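Which chain is which? The protein sequence lines are A and B, in order.
Here the first sequence is numbered in our numbering, starting from 1 and rising by one per residue.
Here the second sequence is numbered in our numbering, starting from 540 and rising by one per residue.
In this text, a Cβ means the ideal position worked out from N, Cα and C, and glycines have one as well.
None of the values given here were measured: they were computed from a predicted structure.
The structure appears right after this line, and notes come after that.
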Amino acid sequence: MRAHKITLITAVLIVIFVSSCTKDLNTVPIDPLVTTSGNVFNSPASYEEFLAKLYASIGISGQDITFTEPDIQAADQGTACFMREYWAAEEATTDECINAWGDPGLVEYHGGIWSDENLYVQLMYERIFVNIAYCNEFIRDANAKLGSLTGTLKTNVTQYVAEARFLRAYFYYCAMNEYGNVPFATETQLPGTFLPKQIARADLFNYIESELIAIQPTLAAPGANEYARVDRAADWALLSRLYLNAQIFTGTLTASSFTPGASRYTDCITYCNKIISSGVYSLHPNYQQLFLADNHNYRDEIILPFAEDGTHTESYGDVTFIIHAAVGGSEDATNEFGIATGGWAGNRYTTTFVNKVFSDRKDKRVILYTSGQDTTSIPTPNVFTEGYLSAKWKNVTSTGAPGSNNNFVDTDFPLFRLGEVYLNYAEAVLRGGVGGSSSTALSLVNQLRERAYGGSSGDITSSQLTLDFMIDERGRELQWEMFRRADLIRFGLFTGGGYLWDWKGNVIGGQATSVHLMLFPLPASDLQLNSNLKQNPGY
Amino acid sequence: MKKIYLLRYIFLLLFILLGTLAMAQTATVTGRIIDESNLPLPGASVAVKGTSLSAPTDANGYFKLSNVPLGAQVLLVRFIGYIPLDQLITVKPGNDNVVNIQLKPSSEQLSEVAVIGYGTVKKSDATGSVDVVTSKDFNQGAVNTIQDAISGKLPGVVITSISGAPGETSTIRIRGTTSINASTDPLIVVDGVPLSNVVPGGTVNVMSMINPNDIENITVLKDASATAIYGSRGSSGVILITTKRGTKDLTINYNVTTSLSVIPKEVPVYDASQFTALVNQVYPTTPAATSLLGDANTNWQDQIYQQAFGEDHNLSIAGTAKNLPYRIGVGYNNSDGVLKTYNFQSTVLSVGLDPSFFNHTLNVHINLKGLYNTNNFANQAAIGNAVNYDPTQPVYNGNTRWRGYTTWTTDGNTNINGDPVTLATANPVAQLDETNNTSTNRRSIGNIQFDYKIPDVDGLRAVANLGYDYSLAFGHNNVLDSTQWVYIPVASGGQKIDYNTNNRNQLAEFYLNYKKDLKSIKSTIDATAGYSWSHFWTSGNAIQSDYNETDYLPAQPYKTEYYLASFFGRVNYSFEDKYLLTLTLRDDGTSKFSPQDRWGVFPAAAFAWKILDEDFMKGNTTFSDLKLRLGYGTTGQQDLTNNNNYPYQSVFVRSDASSQYEFGNNFYYTLRPSAYDAGIKWESTTTSNIGIDFGFFGNRLTGSIDAYYKKTSNLLNVVNVPVLTNFASTLLENIGSMQNAGGELSLHAIIVQQKDWRWQMGYNISFNKNKILNLVGSSGPGYIQVNPNSGIAGTTSGDIQANEVGYPINSFYVYQQIYNQNGKPIEDGYVDRNGDGQINSSDLYLDHSPDPIVTMGINSDIGYKRIDFSFSGRVSLGNYDYNNVAANSTYRGLYSSLGYLSNQTTNASYTQFYNAISTNQSDYYIQNASFFRMDNMNLGYNFPAYWNNKLKLRVSAGVQNVFVITPYKGLDPEVAGGIDDNFFPRARIYQLGLNATL
């Protein structure tokens, strides 16, 4: 009898157990750091935190500095950051920077021999588009919720959406600048449901223009937003940059020739004028202070920064990279640069650049370090002690105190600042734009030079204000601020044999390069996956 | 330390000497063993039960046993192919004890039992590809891990130890690699409890839990027809471990092994004078380099390695108390590493109880295992730094800022107390001395199994199995301050890292088994159906600061879990005991996939035909065993690496404090959508297998031959996704397929079986070829998926392995080197493979694979009277390594403009690479790493029994990792994963052992 009871009890227990346990398979994350898309916006703070991600993705690699939650995959998460990749593309391919690490990706950059399998070409592309995907998701999610929101939250979220659209336009601008004809998607396309179509570079130009114009009313007035958030002036600054380069972006590139598109210099001047006449901005009196650890104090000139912080915003791929990679040789990393954890001995100027652009050492923008350096030439690119070092960017404050962290820097990156706007204005006038004047152009340039020389000793005359002068002046004012490649392209000096620098074309004295290098190739990794994509000419 | 060990050896010797003095009252037993036709059986073994007395029969079947104790004794008569016989005799004083015995042939020559998951079969009735290693066949002297004990014994099973660190784990691959991003480790089941593959932080080896001395046998299921009963978890094979159980009579066993480990060889580097000459030769006009040279002469590798001692004790007590069979085993291992400061200690307790109730209708099996393990991990960075540290510098230079250890300083090393060159080679001796990296693991595995014979139905059993696997690991990795190589978060601040991991896994299983002999239709049926539920839960945290705790990095807590639920069934049908059919079905559900894709059905069928039992084979004298096996089945995989337990869900991940962003004056944590694939589902592997088991000469020669084809589809594969379509550049998807095709042959021969001489040998050879069939749904060959886990040491960009359709997984991704007429590689001379006139990353190609194509195992066991000698070795052919150590050795590497010198391996003088930067991606460094390794040799002596034949003693001496023959140019060809970058060298281990059984 006892045996029968056991049999029965066993049977009943089995049935109960089996039916209850298959329900266990419906799990949701138990980690408090992880929320699901279903409940994430139950908390109003989530909108701000998601928006913060869109801004943060300009400089940092993921959700922690220990790389357990990276955004995109890379052997070295330092190289998976937008700023480091974009900086390398705009600087390490030009006369402004040659790197000593011997990383194959960077060597190919400087030699102009990059392929569609170059790691840097791939990582920059992946980073730009994942940032756009984040923006699309934010815009989609926030728009979907807007109808149910009220009051201040609704007002705030409406403005957040406009800022997200600005950031998306900025990332698309960068994609257009580097790759030209790129995959394209907006918030209307749901993840995982589509294969992106390719957009022609000129069409992308129009899209970016229309977005930047459309969001203007919703953005905060110039200077009226919180620090490090987009306002209308940032929007105007990007428009001025867009129009200045319009002939490049709307031109026709083949494997062997380039035909410029229609010029938009007048529009460029229009938006420069809006910023200048807003009265919110003025040149900061001290040039070097714009690149120091306390530069967040200088809202006078900086229109939109990437806000760095050594203890809260840690990354190996933002200004931390720019500063560390420039320090080495006999430089005093601890006291002079505020990075006691040491330099990485990578980036320095080419000798060509210093000899051509920095010939006048009285200019305070020429911030060189030469002690222990062989500055005559760079016969061996991987020897850091050959060439001129730069001391423009530092993690010390204007009083010489170190930043809050001796590894990750406090120095913000000015994505848009008044200095660029002045130069955009002057160049647009020189190139025939209307709505401005030559005298204003000359005055704006001389204001920059008076800051650089501490007086009028460096002023130029109207006859000296030429395009040849402008490319050098942009080099002096904006070096290592992610402008050089686009500037050289606009002046026709990036490819071809008109301007040679150390190791251009992968030979020591430089040699002519093919015009198709005006665009990077779409990486092979994405071409293989997306049958809608066509490779750029010449690759 | 050394002295203590010497004392132990002296005790050991005394013990042995005393033993030989013992005497007892004995007699001689003689007799003859004949077969069913009254013909003599030469080579049969005759032993006296409970003693070590045994003798083989001579050519005429006669045997003679001396010193047999008087009174009732049981003679154990064994001959392969015949039914074993236990004959009770009464031994009288004198020499006229004559016993003649006739043996009957066995129809089931292989009576070995194979565990097959939710049941057992006789090996002879197994329909799948199943191998069994019993404890007596374990590699002698392999005391640290199970992997060592069975290495080389099993065809198709490749075991590679990760390094020479004591207690370190091994990778096990059964019949090749079947997945890219899901686990390729076999499922390990211990007494019915599947172990999780998650290795808790601070733990060295999943299997360190199991003491080899406690194991009765290990069964390996290799083909899908055998593993399908484990369904989703059987794709990479299954290893079933069964521990020893309680015995009828009290048995006490004590085993001690002491060992001495030494480094077989060091990496060849320049000595101080060669190095000085070389720096002066390469940098004649760079005083910044030559001025750094010192005048010491330091062999840095000698400074970090040591001769290391180890000891291993095992005590087990087995018996039956009243009606409760029990076995208790305790093992203690304490081993130092050849790298100074490394130490591994573990205490393992194992308890097995097998009570039965209700007149043996309810049988209960209880297993409890406990592990207490402590590790002192040496800083293994010292290994590479000892190769690279400038030999002209002393270990200590008298500075006061760096605790006296020579440290590169930024002012050209002129001020020994100057600022550090943080990226310079760290002083390896300082790294060992100043690091305190210890961990403690506590783990317990246990289960209770109720096996109940249901009274009303003859042959029906209900089995419930409840198990758990809990572990807690915690530790710290601290480095003193005033150290140059740790500079985060505080420059020269040292570090303090405290971490813990906590795993809690539970298991519940129920099944019914019905076994019936249907004599009327000459059939037997053995059917099993059941349900299994498992829960896997893990959490942990790590906190890092500088040594003085002035600055903290954000903590890294995590917590995650997943569930598995499964229904399974199996029917074994046998007709006339000649035709055997097995049908298996498992339906698995996992919480990792969405409800739509959650369940996977994994069926399998196998057929075996015992040809020898057919009428037409009657009278055959050639074969003593002949069986054909055919199997086909599908298994699945959902065991994603990296705790990726929610891949189908759209989740947002909040940043930690290090990754905030500032608006205004406030910092905001950031919230990020994470990539997901809503349609992610099971990876499945389909295997076909054909095999033949055979035996010749009365099974003096036995073996099996297998051929298989495995195809893995819906590969769980982290692939690039088209940009804009998800929230990452790569995503885990079911994309691609891969095949493994191969064959195996294993042979076991009893070469000599005579009165005094015994000699048996085992040999196995396996062939496996892996090929990727498809990687990206929309494209064919040409798409290259770089392996992100194959970074080249010494550069921030560059992965050395990649996957491409048509190539084996993780092939090397390199430039094709051009050589000059003398056969020397030309610096940066590479073949322009795509012919575009320039050498760039488009010219990289796939060359060779780290996986062997052919592996062999060979082992031999020779006995003469009381002496035995055994060895086992392995051959691996066709495996290649990337010699990262040599690739980083160039003239360019001698001097860094950060201000320090680096020693190089002497290979630098051969290549003389100076300027080039991509030389480390040259296929010159992809080197043939085929090898033959003599894993161990062991010499043993069995003493005559003492103390009324109760005490049996055995002493043995052995060497592990005896020698290696290889064309490989690096230190050791056997590198898990194929990237040879200064790993912890495998030691050569000399051992002495004593085993006492009472």
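Whole-angstrom distance between residue j and residue i, CA atom to CA atom
i: arginine 99 of chain A; j: leucine 304 of chain A; result: Rather than arginine, the amino acid found at residue 99 of chain A in this sequence is asparagine. Roughly 28 Å separates the two Cα atoms.
i: glycine 957 of chain B; j: tyrosine 935 of chain B; result: 15 Å
i: asparagine 1238 of chain B; j: isoleucine 1289 of chain B; result: 8 Å
i: aspartate 555 of chain A; j: glutamate 477 of chain A; result: An answer regarding residue 555 of chain A cannot be provided, because it is not within the stretch 1 to 539 covered by chain A.
i: threonine 964 of chain B; j: tryptophan 1024 of chain B; result: 8 Å
i: valine 1353 of chain B; j: asparagine 1309 of chain B; result: 20 Å
i: alanine 561 of chain B; j: serine 1163 of chain B; result: The predicted model places alanine 561 of chain B with a pLDDT of 38, which falls under 50 and marks its position as unreliable, so this point remains unresolved.
i: alanine 325 of chain A; j: phenylalanine 82 of chain A; result: 16 Å
i: glycine 492 of chain A; j: glycine 59 of chain A; result: 30 Å
i: phenylalanine 358 of chain A; j: glycine 328 of chain A; result: 21 Å
i: alanine 1047 of chain B; j: proline 196 of chain A; result: 47 Å
i: glutamine 528 of chain A; j: proline 1327 of chain B; result: 18 Å
Pick from the options that is closest to residue i, judged by C-alpha positions
i: asparagine 245 of chain A; options: A:Trp87, A:Ile208, A:Val12, A:Leu418; result: A:Ile208
i: leucine 54 of chain A; options: A:Glu137, A:Ile367, A:Cys174, A:Gly346; result: A:Glu137
i: valine 1315 of chain B; options: B:Val728, B:Lys675, B:Met1277, B:Phe1266; result: B:Met1277
i: alanine 255 of chain A; options: A:Thr495, A:Asp235, A:Trp501, A:Gly509; result: A:Thr495
i: threonine 565 of chain B; options: B:Phe602, B:Pro632, B:Ile622; result: B:Pro632
i: serine 240 of chain A; options: A:Glu336, A:Asp103, A:Val421, A:Met470; result: A:Val421
i: asparagine 181 of chain A; options: A:Glu163, A:Tyr172, A:Ala200; result: A:Ala200
i: tyrosine 844 of chain B; options: B:Ala1081, B:Ser1399, B:Asn752, B:Asn918; result: B:Asn918
i: serine 1227 of chain B; options: B:Arg1525, B:Asp1367, B:Pro694, B:Ala1144; result: B:Ala1144
i: glycine 419 of chain A; options: A:Gly454, A:Leu389, A:Ala307, A:Glu301; result: A:Glu301
i: alanine 233 of chain A; options: A:Leu212, A:Lys145, A:Leu253, A:Gln247; result: A:Leu212
i: arginine 772 of chain B; options: B:Val1140, B:Pro581, B:Met1300; result: B:Val1140
7 Å Cβ cut-off: residues of chain A touching residue i
i: proline 1327 of chain B; result: Gln73, Ala75
i: isoleucine 1027 of chain B; result: Thr341, Asn407
Exposure of residue i, with buried meaning 16 or more beta-carbon neighbours within 10 Å
i: tryptophan 393 of chain A; result: buried
i: leucine 649 of chain B; result: Residue confidence is low: leucine 649 of chain B scores 42 on pLDDT, short of 50, so the model does not pin down where it sits. No coordinate-derived value is stated.
i: arginine 1372 of chain B; result: exposed
Chain C contact for residue i (CB, 8 Å cutoff)
i: phenylalanine 194 of chain A; result: Any reference to chain C falls outside this structure, whose protein chains are A and B.
Partners in chain B for residue i, counting only beta-carbon separations shorter than 9 Å
i: tyrosine 134 of chain A; result: Arg1211, Pro1212, Phe1266
i: arginine 165 of chain A; result: Correct list: empty, because the minimum Cβ distance to chain B is about 16 Å.
i: glycine 62 of chain A; result: Val1192, Ser1194, Ser1198, Arg1211
Within chain A, the residues that residue i reaches when beta carbons sit closer than 8 Å
i: asparagine 1454 of chain B; result: Thr380, Asn382
i: glutamine 1129 of chain B; result: In the sequence as presented, glutamine is not what sits at residue 1129 of chain B; that position holds threonine. Neighbours of threonine 1129 of chain B on chain A, chain order: Leu25.
i: proline 1261 of chain B; result: Pro183, Leu195, Pro196, Asp526, Leu529, Asn530
i: serine 1436 of chain B; result: Ala100, Gly328, Gly329, Ala345, Val383, Phe384, Thr385
i: histidine 1074 of chain B; result: Asp24
Within chain B, the residues that residue i reaches when beta carbons sit closer than 8 Å
i: tyrosine 125 of chain A; result: Val1262
With three or more C-beta pairs closer than 8 Å as the rule, is the segment 840-857 of chain B touching the segment 822-832 of chain B?
As far as the Cβ criterion goes, the segment 822-832 of chain B does not touch the segment 840-857 of chain B, which means the pair count is below three.
Specify whether the segment 764-776 of chain B and the segment 1155-1164 of chain B touch according to this definition: at least 3 beta carbon pairs, one from each stretch, less than 8 Å apart.
These segments do not touch.
Three or more beta-carbon pairs under 8 Å between the segment 587-599 of chain B and the segment 1480-1491 of chain B, yes or no?
Three or more beta-carbon pairs drawn from the segment 587-599 of chain B and the segment 1480-1491 of chain B are found closer than 8 Å, and the two stretches are therefore classed as touching.
Quick one: any contact between the segment 114-130 of chain A and the segment 342-362 of chain A, if contact means 3 or more CB pairs under 8 Å?
Taking 8 Å as the limit for Cβ pairs, the verdict is that the segment 342-362 of chain A does not touch the segment 114-130 of chain A.
contact_flag[the segment 980-995 of chain B, the segment 929-949 of chain B] where n(CB pairs < 8 Å) is 3 or more:
The segment 980-995 of chain B makes no contact with the segment 929-949 of chain B: fewer than 3 CB pairs, one atom from each, lie closer than 8 Å.
Would you call the segment 1107-1118 of chain B in contact with the segment 1163-1178 of chain B, where contact means no fewer than 3 C-beta pairs closer than 8 Å?
Between the segment 1107-1118 of chain B and the segment 1163-1178 of chain B, the count of Cβ pairs shorter than 8 Å is below three; the stretches do not touch.
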